[in-house]
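Residue numbers (my numbering), protein chains in the order written: chain A, 9 to 420; chain B, 9 to 420.
Number of protein chains: 2
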Amino acid sequence: MALVVHKYGGSSLANANSILNVARRIADISRLGNKIVAVVSAMGSSTDNLINLAYEVSTNPDPREMDVLLSTGELVSCTLLAMALRSLGEDAVSLSGSQAGIKTNKQYGKAMISSIEPKRIVAELEQNRIVIIAGYQGITENMDVTTLGRGASDLTAVAIAARIGSSRCEIYSDVDGIFTADPNLVPNAQIIDEIGFEEMLEMASYGAKMNPRSIELAMAYNMPILVASSFSQSKGTIIHQGDSMNNNVGELRNRVRGIATDNNVAKITISGVVDRPGIAAELFEPLADAGISVDIIVQNAGIHGTTDFTFTVESTDLTRAEQITKELSSRIVGSGVVSSPGLAKVSIVGTGMQDTPGYAAMMFRTLADHKINIDTISTSEIRITCIINSSHLEDAARSLHKAFELDDSEIK
Amino acid sequence: MALVVHKYGGSSLANANSILNVARRIADISRLGNKIVAVVSAMGSSTDNLINLAYEVSTNPDPREMDVLLSTGELVSCTLLAMALRSLGEDAVSLSGSQAGIKTNKQYGKAMISSIEPKRIVAELEQNRIVIIAGYQGITENMDVTTLGRGASDLTAVAIAARIGSSRCEIYSDVDGIFTADPNLVPNAQIIDEIGFEEMLEMASYGAKMNPRSIELAMAYNMPILVASSFSQSKGTIIHQGDSMNNNVGELRNRVRGIATDNNVAKITISGVVDRPGIAAELFEPLADAGISVDIIVQNAGIHGTTDFTFTVESTDLTRAEQITKELSSRIVGSGVVSSPGLAKVSIVGTGMQDTPGYAAMMFRTLADHKINIDTISTSEIRITCIINSSHLEDAARSLHKAFELDDSEIK
Chain A
9 MALVVHKYGG
19 SSLANANSIL
29 NVARRIADIS
39 RLGNKIVAVV
49 SAMGSSTDNL
59 INLAYEVSTN
69 PDPREMDVLL
79 STGELVSCTL
89 LAMALRSLGE
99 DAVSLSGSQA
109 GIKTNKQYGK
119 AMISSIEPKR
129 IVAELEQNRI
139 VIIAGYQGIT
149 ENMDVTTLGR
159 GASDLTAVAI
169 AARIGSSRCE
179 IYSDVDGIFT
189 ADPNLVPNAQ
199 IIDEIGFEEM
209 LEMASYGAKM
219 NPRSIELAMA
229 YNMPILVASS
239 FSQSKGTIIH
249 QGDSMNNNVG
259 ELRNRVRGIA
269 TDNNVAKITI
279 SGVVDRPGIA
289 AELFEPLADA
299 GISVDIIVQN
309 AGIHGTTDFT
319 FTVESTDLTR
329 AEQITKELSS
339 RIVGSGVVSS
349 PGLAKVSIVG
359 TGMQDTPGYA
369 AMMFRTLADH
379 KINIDTISTS
389 EIRITCIINS
399 SHLEDAARSL
409 HKAFELDDSE
419 IK
Chain B
9 MALVVHKYGG
19 SSLANANSIL
29 NVARRIADIS
39 RLGNKIVAVV
49 SAMGSSTDNL
59 INLAYEVSTN
69 PDPREMDVLL
79 STGELVSCTL
89 LAMALRSLGE
99 DAVSLSGSQA
109 GIKTNKQYGK
119 AMISSIEPKR
129 IVAELEQNRI
139 VIIAGYQGIT
149 ENMDVTTLGR
159 GASDLTAVAI
169 AARIGSSRCE
179 IYSDVDGIFT
189 ADPNLVPNAQ
199 IIDEIGFEEM
209 LEMASYGAKM
219 NPRSIELAMA
229 YNMPILVASS
239 FSQSKGTIIH
249 QGDSMNNNVG
259 ELRNRVRGIA
269 TDNNVAKITI
279 SGVVDRPGIA
289 AELFEPLADA
299 GISVDIIVQN
309 AGIHGTTDFT
319 FTVESTDLTR
329 AEQITKELSS
339 RIVGSGVVSS
349 PGLAKVSIVG
359 TGMQDTPGYA
369 AMMFRTLADH
379 KINIDTISTS
389 EIRITCIINS
399 SHLEDAARSL
409 HKAFELDDSE
419 IK
């Protein structure tokens with residue numbers, strides 16, 4: 009008998025049939041004698057519908073009200089799943105984030121979990137009930153509802169798995185696992201059987217659709233995650249502590265694990281800024297205050313005591329970011345701001361590239377062979393990212409996928 | 009400066025425009041220096057949509073899960089109204105039933121309010137905030153969400169008004185007030201300026217669309233209720249303690265106040281039951297246990313120590329009620345069960361008919377003049393109800409409305 013935590017995404021719960029399908033899968037596992045906690049996202053596109061409603065009554069919806077509004081999406085799906093399980097003869101109970109004891113700080117819209125008090129979860133499990141928990145939400149000390157940020161039901165699931173001592177966390181959606189590249193871009197993309205936390209974190213941060221904070225949390229608690237589909241019996245991808253394996257498997261792991269892509273990138277350059285201590289902070293604090301995520305930052309020192317900053321933002325943030333940067337440029341006496349929309353990121357990721365030369369050169373050579381110009385380069389220990397024109401993204405992803413031998417499904 | 013409690017029904021909050029309309033009305037009153045608590049129902053038909061979803065995943069949805077599911081409708085509307093008020097520059101905050109301190113027993117689907125702890129409401133009002141409360145819901149001692157029964161947002165509003173010491177409770181929907189009869193049946197129906205609690209209770213119980221429990225509660229706390237439309241500036245109907253007025257206004261009040269109608273009636277007769285103490289309880293307890301509301305009950309003692317019972321139920325409950333009664337009939341050795349669907353109730357209501365002869369005779373004469381056969385008669389001190397064939401309901405309502413001088417709008 010095991011204690012397992014599942015998480016089901018909105019695509020797995022899009023309508024009554026999908027909900028009944030998930031209920032049957034959970035019932036099957038429960039009947040084998042397992043104790044199950046299932047964390048759910050909101051049904052299909054219901055969160056988007058609620059957001060649209062909010063913007064119909066207000067151009068700038070209040071964050072506290074928005075969080076209560078959005079939290080209802082998960083309440084709907086968790087109660088329906090509990091009802092569906094009961095209709096199959098299983099004893100199931102739904103819990104809101106509050107009832108599940110998920111306490112957070114007051115940062116509406118992207119609250120951080122401060123603690124989990126799982127008394128109620130444990131009590132319901134002891135009554136041999138299947139526990140369905142509304143993901144993505146928690147409650148402050150003042151009993152105000154908060155949400156944890158888009159896609160954060162994964163985070164709820166991992167946090168609860170860690171807190172109640174589950175042996176692993178299983179995350180289900182409508183995709184069969186983590187692919188070596190986006191299958192929409194790269195038809196030869198393969199499912200990865202297993203991947204290390206750090207590699208997955210780079211993959212997720214640079215394009216693979218998974219909540220990065222949930223991976224960080226799983227890494228911190230060494231909680232293995234299975235990523236699989238609720239619509240098939242495919243075995244999916246295990247994300248777990250990669251280091252030890254890396255040593256064990258040796259040469260086999262000494263390679264690129266996947267290609268991460270992101271087609272939603274814009275670049276801003278502010279040039280001729282007087283170089284002095286603190287100038288970077290002055291530049292990026294206002295962007296952070298405006299809630300704009302800055303990704304890659306490159307600074308080039310000039311020859312006359314001035315410096316240029318280049319950074320990337322999501323395309324959707326470009327207009328606001330440009331506006332803030334132009335205001336700053338006139339204040340801190342920069343010589344100008346230039347922005348480029350329509351860019352993309354392509355990254356190779358793998359712990360195998362640590363301390364191993366040649367990966368960067370091979371990446372640049374492959375792109376050059378396909379006449380793809382590299383705009384900006386950024387690297388971590390286990391990732392190399394190139395900013396390119398978005399019209400070249402598909403070609404870049406396919407050629408890198410082939411060059412780093414990911415087309416071959418034999419060695420995964 | 010006054011402290012007022014408003015309640016807005018689903019028709020007043022059916023879409024973003026309606027919500028903004030309600031927000032403007034509340035903002036206008038707030039700007040006059042009033043403190044406002046507004047209780048809301050779910051938007052338009054959203055509760056029905058949630059019920060349909062539940063029955064798509066389960067033929068017999070769990071009551072606890074159903075209550076959490078349905079409670080989300082009011083959370084959506086209360087957050088949207090708070091956002092809309094903020095977009096108009098007002099400081100507003102939404103509270104769930106739980107946050108508003110509404111404690112109930114565990115009777116899911118029709119929970120009773122056990123207490124209201126208005127600490128949070130009072131604190132928000134002291135911060136000069138407009139407080140928007142999700143109606144129709146509360147929370148048990150175990151922190152499980154309950155709902156108070158269909159239409160019970162009125163009850164929430166009256167209970168909060170009484171608890172926080174509001175001078176009156178204003179209930180807004182898309183109708184202009186309480187009419188002397190259903191305007192869909194009787195084109196000459198007039199809006200009643202003021203009506204006593206007891207009269208309104210009879211009107212509501214016998215057809216007028218208002219939650220009877222909320223009127224009982226208002227009567228218990230002597231809390232005047234204004235019923236009006238959120239779409240017009242019409243002055244609506246005041247429901248208040250009628251007795252004193254009755255004495256003051258004298259002859260003017262000595263009349264029928266309104267015609268209540270209900271077109272959703274079925275009748276069941278169980279005959280040849282051996283008459284002994286306890287037989288009525290044996291008969292009606294199983295119906296109550298099945299959640300079937302029995303309305304009018306008539307017992308006729310027979311001549312051979314047997315008795316007949318006739319009772320009415322809502323048409324929608326007829327099949328189940330008939331089944332239960334037939335099982336009972338064979339157990340307690342009745343001689344047969346007969347049921348009649350397609351009936352209607354028409355009632356005249358008014359405190360004026362207390363201790364005053366002639367009202368019943370005039371009612372029966374009016375129906376007879378229109379060749380309408382009376383099936384069953386039931387009376388209270390301030391009401392006379394006739395069960396008739398539903399095809400005659402419109403004719404009955406119009407002729408009674410005229411006969412009791414309600415067509416004349418001068419004296420209301």
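We put the beta carbon where it would ideally sit given N, CA and C, even for glycine.
Around the C-beta of Pro126(A), 16 or more other C-beta atoms lie within 10 Å, and the residue is accordingly described as buried. Contact annotation: Ile223(B) and Ile247(B) have beta-carbon atoms nearer than 8 Å.
Residues of the same chain with a CB within less than 6 Å of the CB of Arg221(A), apart from the 5 flanking positions on each side, are Leu163 in chain order. Exposure of Ser242(A) is indicated by the presence of fewer than 16 other C-beta atoms within 10 angstroms of its C-beta. Approximately 6 Å separates the beta-carbon atoms of Met231(A) and Val166(A); this is inside 8 Å, confirming the contact. According to DSSP, Ile300(B) shares a beta bridge with no other residue. Counting along the chain, the unbroken alpha helix (DSSP H) around Gln331(A) starts and ends at Leu326 to Arg339.
For a cut-off of 8 Å, the C-beta gap from Met361(A) to Val264(A) is around 7 Å, short enough to register as a contact. Of all residues in the region 367 to 378 of chain A, none comes within less than 9 Å of chain B when Cβ atoms are compared.
In summary, the residues of the region 27 to 45 of chain A whose CB is separated from some CB of chain B by less than 7 Å are Ile27 and Leu28, in the order they occur in the chain. Near chain B, meaning a CB-to-CB distance below 7 Å, the residues of the region 145 to 158 of chain A are Met151.
For the region 106 to 186 of chain A, the full-length beta strand (DSSP E) segments reaching 3 residues or more read 110 to 112, 121 to 124, 138 to 142, 145 to 147, 153 to 155 and 177 to 181 along the chain. Residues Asp316, Ser343 and Gly344 of the same chain have their beta carbon placed closer than 6 Å to that of Ser279(B), with the five preceding and five following residues left out of the count.
For Arg33(B), the uninterrupted alpha helix (DSSP H) segment begins and ends at Ala24 to Arg39. The beta carbon of Val302(A) sits no closer than 8 Å to any beta carbon of chain B. Taking a C-beta distance under 8 Å as the contact criterion, Leu28(A) and Met51(A) do not qualify as a contact pair.
Here the C-alpha atom of Met91(B) lies approximately 12 Å from the C-alpha atom of Val30(B). For the region 47 to 63 of chain B, the set of positions with a beta-carbon nearer than 8 Å to some beta-carbon of chain A reads Leu58, Leu61 and Ala62 in chain order. For Val65(A), the enclosing alpha helix (DSSP H) has its first and last residue at Ser54 to Val65. Beyond the five residues adjoining it in sequence on each side, Glu210(B) comes within less than 8 Å, by CB distance, of Ala268, Ser355, Val357, Ser388, Ile390 and Arg391 in the same chain, given in chain order.
Any Cβ of chain A closer than 8 Å to the Cβ of Leu133(B) would place that residue at the interface, and such an atom is absent.
The beta-bridge partner set that DSSP reports for Tyr16(B) consists of Val48(B) and Tyr180(B). Using a CB distance cut-off of 8 Å, Glu73(B) counts as an interface residue toward chain A.
In this structure, the beta-carbon distance from Ala352(A) to Ile396(A) falls below 8 Å. Classified as buried, His409(A) has 16 or more neighbouring CB atoms from the shown chains inside 10 Å of its CB.
Here Glu178(A) is buried: its Cβ has 16 or more other Cβ atoms, across all protein chains shown, within 10 Å. For Asp403(A), the secondary structure class from DSSP, reduced to helix, strand or coil, is helix. Among the bridge pairs identified by DSSP, Glu202(A) is matched with Ile246(A). Bounds of the beta strand (DSSP E) holding Ser102(B) are Ala100 to Leu103. Per DSSP, Ala352(B) is one residue of the beta strand (DSSP E) stretching across Gly344 to Val357. Beta-bridge annotation (DSSP): Asp316(B) is paired with Asn308(B). The beta-carbon distance between Gly350(B) and Ser386(B), rounded to whole angstroms, is 18 Å. This is too long to meet the 8 Å contact definition. In this structure, DSSP gives Ile380(B) a state outside helix and strand, which the three-state scheme calls coil. For Gln362(A), no Cβ of chain B is located within less than 8 Å of the residue's own Cβ. Boundaries of the beta strand (DSSP E) around Asp270(A): Gly266 to Val282.
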